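Okay, so here's the structure we're looking at.
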Ligand SMILES: Cc1ncc(C[n+]2csc(CCOP(=O)(O)OP(=O)(O)O)c2C)c(N)n1
Ligand SMILES: Cc1ncc(C[n+]2csc(CCOP(=O)(O)OP(=O)(O)O)c2C)c(N)n1
Ligand SMILES: [Mg+2]
Ligand SMILES: [Mg+2]
């Protein structure tokens, strides 16, 4: 099953390599990984979607946690959270099919961000299902290029807020392993 | 504070109590050597960087302190890789400084530039490339902290030449503050209570200990726990010495080449208490046949180890000693007569025996050595059959006296580790038990040992072959022996002598005791070449995919 | 033998696939050291028609494979077991990577199911070697093995050559797969080699050459790799262009040729370093403009336009901006240049200037006192007629070997260039000797370097490899001592080896290798003659003048002009 991990890491060079290297070396499969700075400039947030059974995911979390540059980590799969991904799709769009494409764009509440003579670039955000759906809907027209960001996510409600205090507070993996 | 980065490093080393460094100089690390020359820190010049880490590791394991080593950029650093990986697999605290090309040249494939932090990422607990001299004092302090706390391990600091030479104003911080690193020492109280109950109620408990017990210094508490429960104690290879083998509750080593009765005991115990062990593949045999009747409790300071290889009924994250301190008052004393009686039967039914061999029996030699040194010498080993015989037949009684590459199984480890051990414990008797193949991997360090006046005893079992590999070819490849015969072996005694060491030889059984005695008394670096048959086998041996009790035992 | 010979669609084990692939790739010699994880492979090697050389440390195996490759021009192959066996290769792999030597390195790995669990003798070799290989593979499916082997050889040997690691889990070597043919098709979308230089760039370069008044050819290891030495000579002669080399370029141009100026860089000749400063056109071929060569960059070749020919596009403009970049194979580029420069040229004034520098600042040392290391090498050169294959270790002796052992042919001088790895010399000489059994192979080493891999004397002795080891024994890490003398107030912090050095003659003898010691000037010639005439291996321990320095020297970070030339 797919798990979504929210990982706060030191914002410094090489940290991404450490995380990627760990996944490669231990044979875990990354489905997607998105990384960027947070409201605290010294901290980056990685959202990692990883495929595996519970045992594997437990190992992934524990091993990640051992990296000195990983500050805080949570598996938010089961938590209510907002998960979004952004996709850009360059689709063939001869004038006679543009209307049809526009409709699809409308339905998915996506946007057209570039128009060329015979193609369009469509931008869409949403959860994985939605992205897959719009991709499938546009496929018949001929997709020329496609880029996805990978998922980013935040837990709903007041939980999980990243504050200085929160970061320095002792963060334990469950005592019981 | 007017000092260079290099001088700040030296200052920090002194503050950490690191008064001994192993290393090998070269262009990029010269600023560090320049600063070293004025300092009270002792430096031991090795003959190959690989042995600098091994020696630092031997030093760390014997003394319980952090080992330190220096090497230059490029080849100096790459030569460390095996040593670092060896220390990593055995959780040994070492701090490694490598020189690097100046920051402006990093990333240009400059002369002797190698991406050392990249290469060592999978084999260090953590590493640093220092780009700003202002961070250097903090980094050194952190490195020592990370290396020695939690589950210990190697930490590497890559230090560009210009950074080492730059003026460094920053003071060494008082405190270490790493927000992503907070090891858990104290165990969860509820889990400890549950563990106490589980152990107290067990009919056939078995305590199974590894290197974590040695690392945390829990050996005395362990004896108390075992005696209170009247539970037998088995160890992994890395755990040898954590529990005295002359104690009636000792089962000795378990696993692939474990003692036969110990392996059988694992099949019968009803509670298995793993303490500071990894349940690695060499210990468990086939996982589905491992400890089939037992509930398993696992205590380790590294949460990632728990549940990694075996299913665990009672997980507990914490430091072995701290956990035992909390646990002991809660366990109920027991007698467990039936279980002890059963264990006695197992000892009698499945004793440890030699199997067939030549005139001089290596097992016998090691047993005599164990008696003559009363199980108190520091024994380092290389990797091969001789390693297993040392583990099975010496009889370890003290922690930090068995120093061997357990997780990586690195040939060439034993002798340089002995150099580190002897420097850590100048008064102790240090024996390096090695094989003809392994010794050739670090032989030039004879020069280092002579130069440092170290009275190490090298017991070299010469079977003219890579006999452990030969053994595998015997059992699994129909005796097709490829690339294991060493007919081009040097004259080892002559080699020792050309470095100015003593060289002795054992060719017959009668010579064993007198030669060992001579070596123990002469106070000098001594190599004893002991000629043995290449057809000796290490027994028992658990075949691949078998359970611990399905051992191959000698026929007679 | 083709794999098809075993009958169509026959099933082969992973080990069999590897052996067949080696045979198909024309590999006749492999270097290695066994261990648990590679045992199935060794089992298959048992009857195979491939010679396996068992060394005494994996580092010896990989350096030997490297020496073999440098001398033969064919890929070197080595095998090691998982964990420590593989980590012991790291220096050798890095060394091959830095000097662009084609190696295929086969490492054992724990079974697929055990990977990532810190299993016994597990090390993450693909992770560790990521920065030091041209490419690496972890084989996860036996059906991919044949393809990977083919790709490994292809990548190692084409374009800019380099080491490729194939990490093979133990269970893969025993599983079976159907291999229909070898070589299977390549599947490398991300790897394309551009050999043909762009004609317009060539045209532009040819024009610059025709117009130049003070052109200078600057040859590196790439010339040797691509076999462009004849073309280089032709171009130099026809256009009357003097030639300088890097250390890796030693052998790319005959050093007894009147157009030869010398090696450039930190320990280059005065004339070569001056020539770089004065030339108006610098034609770099298969060079990296590395820091040991250029000195401080801002004044490097400051009067010159630069043509840079290299097969690796990433090298061009990396350190020095090139006015005319040419991506392509050196040999093809030089041929194209020759075709575009039909008219010969002469540069008498330029050559006269260079000659004047050469005459004014020849390499020199004090011949009249003590047993000088430079003289040892000159004698060696005289006695071998400059025809030996020389391998060196790293340190002062290396630089003296470069300076005082001029060579005429490519692939006759091998040394650790980019990495400067002590311990390379002796095992590399073993590989060289195996590649060229009839040649005289001499390893010039130092007392420090020799001890890094002295265990390989056992290999030399066992296989009776007639390598001659000339040990310039100064009782110091001499090059370190020299730096400490020049730049660290003469504080010889841990560079003195004398107290812990063994008796090298007895050491060699303990391995059954005859040896002599030379302590007096009068003994040298005879000792070298004895060594060279002896049928088998031989070691000469020469107690050279301890505190001799390598000169000239451009201090690190200085301009090429700022040489210490000494008195
Ligand atoms: C660096 C390294 N290379 C290869 C191996 C694989 N290996 C394990 S035991 C062994 C043989 C060791 O021979 P020797 O030291 O003579 O010991 P013996 O088994 O003969 O007692 C080998 C080659 C290893 N463990 N380490
Ligand atoms: C593996 C390795 N470690 C360290 C160095 C740094 N280094 C460069 S030259 C040198 C001294 C070499 O000593 P020796 O082999 O005796 O040669 P000498 O300079 O005395 O001729 C050292 C230590 C290196 N190049 N390679
Ligand atoms: Mg042996
Ligand atoms: Mg020297």
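Chains as they are written, first to last, in our numbering: chain G, 1 to 177; chain C, 1 to 556; chain R, 1 to 567.
The beta-carbon is built from N, C-alpha and C at its ideal position, and this holds for glycine as well.
Here the structure is a predicted model, which means the values were calculated and not measured.
Contacting positions in the stretch 284–312 of chain C - beta carbon closer than 9 Å to chain G
If the cut-off is 9 Å between Cβ atoms, the stretch 284–312 of chain C has 298, 300, 302, 303, 304, 305, 306, 307, 308, 312 near chain G.
Near residue 553(R), what residues of its chain come up, given a Cβ to Cβ distance below 7 Å and the 5 sequence neighbours on each side ignored?
If we look at residue 553(R) and ignore the five residues flanking it on each side, its Cβ neighbours are 266, 267, 563, 564.
What in chain G is Cβ-close to residue 122(C), meaning under 7 Å?
Near residue 122(C) (Cβ distances below 7 Å), the residues of chain G are 21, 25.
Assuming residue 44(C) contacts residue 446(C) under a Cβ cut-off of 8 Å, what Cβ separation, rounded to an integer in Å, is found between them?
Going by Cβ atoms, the distance from residue 44(C) to residue 446(C) rounds to 14 Å, so no, they are not a contact pair.
Run the proximity test for residue 45(R): is its beta-carbon closer than 8 Å to any non-hydrogen atom belonging to ligand 6?
Of the ligands this structure carries, namely ligand 1, ligand 2, ligand 3 and ligand 4, none is ligand 6.
Quick check: the Cα distance between residue 163(G) and residue 218(C), rounded to an integer number of angstroms?
Since pLDDT at residue 163(G) reaches only 40, below the 50 mark, its modelled position is unreliable, and the value read off the structure follows with that caveat. Straight-line spacing of the CA atoms in residue 163(G) and residue 218(C) works out to 38 Å.
DSSP-derived helix/strand/coil call for residue 82(R):
Residue 82(R): coil per DSSP, three-state reduction.
At least three beta-carbon pairs within less than 8 Å, the stretch 269–283 of chain C to the stretch 345–364 of chain C:
No: fewer than three Cβ pairs fall under 8 Å.
Residue interval of the beta strand (DSSP E) (run including residue 460(R))
Careful: residue 460(R) lies outside any beta strand (DSSP E), inside the alpha helix (DSSP H) at 457–462.
Inspect the beta-carbon positions of residue 234(C) and residue 222(C) and report whether they are closer than 9 Å.
Remark: C-beta atoms of residue 234(C) and residue 222(C) do not approach each other more closely than 9 Å.
Residue 120(G) versus residue 113(G): straight-line alpha-carbon distance, rounded:
Approximately 8 Å between the Cα atoms of the pair.
Tell me whether residue 49(C) is buried or exposed, calling it buried when 16 or more other Cβ atoms sit within 10 Å of its Cβ.
By the neighbour-count criterion, in which a residue is buried when 16 or more other Cβ atoms sit within 10 angstroms of its Cβ, residue 49(C) is buried.
What whole-angstrom Cβ distance do residue 259(C) and residue 352(C) have, given they're in contact under 8 Å?
In this structure residue 259(C) is in contact with residue 352(C), their Cβ atoms being roughly 5 Å apart against a cut-off of 8 Å.
Specify, as a first and last residue, the run of the beta strand (DSSP E) that residue 75(C) falls within.
Run containing residue 75(C): none in the beta strand (DSSP E); it sits in the alpha helix (DSSP H), 75–78.
What does residue 69(G) touch in chain C if you count any residue whose Cβ is under 7 Å from its own?
What residue 69(G) touches in chain C: 180.
Is there at least one non-hydrogen atom of ligand 2 closer than 8 Å to the beta-carbon of residue 421(R)?
Relative to ligand 2, residue 421(R) has its C-beta within less than 8 Å of a heavy atom.
Let me make sure I understand the geometry here. Which of 163(C), 225(C), 107(C) has the alpha-carbon closest to that of residue 333(C)?
Taking only the C-alpha atoms, the option nearest residue 333(C) is 225(C).
Residue 232(R) versus residue 329(R) - alpha carbon distance:
Annotation: residue 232(R) to residue 329(R) spans about 13 Å, alpha carbon to alpha carbon.
Along the chain, where does the alpha helix (DSSP H) that runs through residue 62(G) open and close?
Unbroken alpha helix (DSSP H) run through residue 62(G): 54–66.
Along chain C, which residues have their Cβ under 7 Å away from the Cβ of residue 238(G)?
Nothing in the structure corresponds to residue 238(G), since chain G is present only between 1 and 177.
As a quick exercise: from 126(G), 157(G), 14(G), pick the residue whose alpha carbon is nearest that of residue 109(G).
Comparing Cα positions, the closest option is 126(G).
Would DSSP call residue 326(C) helix, strand or coil?
Correct three-state label for residue 326(C): helix.
Just how far apart, CA to CA, sit residue 133(G) and residue 151(G)?
The straight-line gap from Cα to Cα measures roughly 15 Å.
Assuming residue 504(R) and residue 471(R) form a contact by the criterion Cβ under 8 Å, report the distance between their Cβ atoms to the nearest whole angstrom.
Correct: roughly 6 Å between the Cβ atoms.
Distance cutoff 9 Å, beta carbons only. Does residue 480(C) sit that close to anything in chain R?
Yes, its Cβ sits closer than 9 Å to a Cβ of chain R.
Kindly indicate which residue of 336(R), 35(R), 19(R), 24(R) has the alpha-carbon position closest to the one of residue 199(R).
Ranking 336(R), 35(R), 19(R), 24(R) by Cα distance to residue 199(R) puts 336(R) first.
Could you compute how far the alpha carbon of residue 6(R) sits from the alpha carbon of residue 186(R)?
Caution applies to residue 6(R), whose pLDDT of 46 falls short of 50 and renders its modelled position unreliable; the model cannot decide the point.
What first and last residue would you give for the alpha helix (DSSP H) that runs through residue 208(C)?
Looking at the DSSP string, residue 208(C) is not in any alpha helix (DSSP H); the run it does join, the beta strand (DSSP E), is 205–209.
Looking at the strands, I want to know which residues DSSP matches up with residue 52(R).
Answer is 30(R), bridged to residue 52(R).
Runs of 4 residues minimum, wholly inside the stretch 496–539 of chain C: which ones carry the alpha helix (DSSP H) assignment?
As far as the stretch 496–539 of chain C is concerned, its whole alpha helix (DSSP H) runs of at least 4 residues are 512–521.
Indicate whether at least one CB of chain G lies closer than 9 Å to the CB of residue 274(C).
Residue-level contact by beta carbon fails for residue 274(C) and chain G, as no gap is shorter than 9 Å.
Is the closest heavy atom of ligand 4 to the C-beta of residue 88(R) under 8 Å?
The beta carbon of residue 88(R) sits no closer than 8 Å to any heavy atom of ligand 4.
How about residue 117(C): is its C-beta nearer than 9 Å to some C-beta of chain G?
Judged by the 9 Å Cβ criterion, residue 117(C) is in contact with chain G.
Nearest to residue 287(C) by CA position, among 266(C), 299(C), 555(C), 271(C), is which residue?
Taking only the C-alpha atoms, the option nearest residue 287(C) is 266(C).
Beta strand (DSSP E) segments (min. 3 residues) lying fully within the stretch 361–437 of chain C:
Runs found: 378–381, 430–435.
Taking its Cβ as the centre, do 16 or more other Cβ atoms sit within 10 Å of residue 369(R), making it buried, or is it exposed?
With fewer than 16 other Cβ atoms within 10 Å, it is exposed.
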